[in-house]
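K.L.:
Each residue of the sequence shown is one higher than the one before, starting from 878 at the first, in my numbering.
Have a look at the structure that comes next, please.
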Amino acid sequence: MKKFEVYGNIRKQAMIMGLSISLFGLMMVSVIGSLLVIIFSFSFGVIVGLLLFNVLLYGALLRWVGHPYHIGTGQNFPSVISNKSISPLHDV
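In structure tokens form, the structure reads like this:
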């Protein structure tokens, strides 16, 4: 018999238009912001530029979902944690 995970874990893998929920939210914020800029500017160049920006952002987000990379920051903690004082003045 197939075993299903808890409902809370379903949201972790939910996809909308190929993007995770948080990245889809980022895309929608970009689209809504672009629409606001388009409403208040009547330049054809701005409209084409924002359309191109949103298409490139969507492509970049899709590529990032397909090949995620984690930025390595190195070792987070030292190998030994000690309360010993480093200064030689306190050894007296």
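We put the beta carbon where it would ideally sit given N, CA and C, even for glycine.
#1: What's the C-alpha gap between V908 and H944?
#2: Would you report the Cα separation of I898 and A891, rounded to the nearest angstrom?
#3: Considering only their Cβ atoms, is the gap separating L896 from L928 smaller than 8 Å?
#4: Straight-line CA distance for M894 to S964?
P.N.:
In short:
#1: Straight-line Cα distance between these residues: approximately 23 Å.
#2: Straight across, the Cα-Cα distance linking I898 with A891 is about 7 Å.
#3: It is not a contact, given that the beta carbons lie outside the stated cut-off.
#4: So the alpha carbons of these two residues sit roughly 58 Å apart.
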